[in-house]
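Please read the structure below before turning to the comments.
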Amino acid sequence: NIIFLTMLERENSIKDYPKIIMEARELKVGIILFMPHGKAMLGQQQYINIWVRNTDPDKDIYDFSRSHLNSNLALLISYKLKLNWQAKVRLIKIVSPEDDIKKENESLKEFINMSRLPINEKIVKKGNFFTELENAPEADLNIFGISPTLNMEEHINIARKVNSSCMFIMDSGQENIFA
């Protein structure tokens, strides 16, 4: 139950993507929006960065997957790609300046342990999300959740800033990383 959309389509098809994504959300169908890098495509398939939205580290760890639905499918896809490519996976979380880095690291560590995912590295940094995109470690693929605003230009700008292929993913609501 996943719709795969690619930015390699014609412009008139891409204009329909926001409508398709909204309808998929209503029908509880997952979405993968693939934006390949113009030259590198998937590069050498060695590194995958997964960008995790900021959550309250004091919440129950199971709230992570419930409150950030795009994380479940993104993590499951990264796991499959890791196996196929024999790649290294990084979780990256950008937090606000007032957040406690130690607490955020512990929350992410607990999440990784509970989900039993073979994550090679986790990065928690204070800062502005859009600024930190340019400072991120290089990867052949960056994975993000689809923005609730569905602004296609914003997604394109994110892909430009990380300068690699990107997948923007929306869960169907049926995935569960803890299953």
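Under the numbering used here, the sequence shown has 1417 at position 91, and the numbering climbs by one with no breaks. Glycine included, every Cβ here is placed at the ideal spot set by N, Cα and C.
Buried versus exposed call for residue i [16 or more other C-beta atoms within 10 Å across all chains shown]
i	result
I1427	exposed
M1348	exposed
S1391	In this prediction, S1391 has a pLDDT of 45, which is less than 50 and means its spatial position is unreliable; what the coordinates show is noted afterwards. Burial call: buried.
Residue i Cβ short of 7 Å to the ligand COA heavy atom set
i	result
Q1372	Although the ligand COA was asked about, the structure shown includes no ligands whatsoever.
CB contact flag (residue i, residue j, <8 Å)
i	j	result
H1363	S1473	no
I1357	I1329	yes
V1421	K1448	no
I1469	I1376	yes
K1414	L1434	no
R1336	G1471	no
I1503	S1441	yes
I1484	L1459	yes
L1359	L1402	no
Selected residue, minimal CA-CA separation from residue i, among the options
i	options	result
R1416	K1408, Y1405, I1358 and N1446	N1446
A1366	E1464, E1479 and K1429	E1464
M1496	Y1405, E1352 and V1450	E1352
N1327	K1341, V1450, D1425 and L1399	L1399
I1340	A1505, D1466 and E1479	E1479
Q1412	F1456, G1499, E1432 and Q1370	Q1370
Bridge partner(s) assigned by DSSP for residue i
i	result
Y1373	K1414
G1364	Paired residues: none, contrary to the question.
I1328	G1356
* **Ordered list of alpha helix (DSSP H) runs contained in the stretch 1464–1492, each at least 4 residues** => Correct list: 1478–1488.
* Which residue spans inside the stretch 1406–1452 form an unbroken alpha helix (DSSP H) run of at least 4? -> Whole alpha helix (DSSP H) segments, 4+ residues: 1427–1441.
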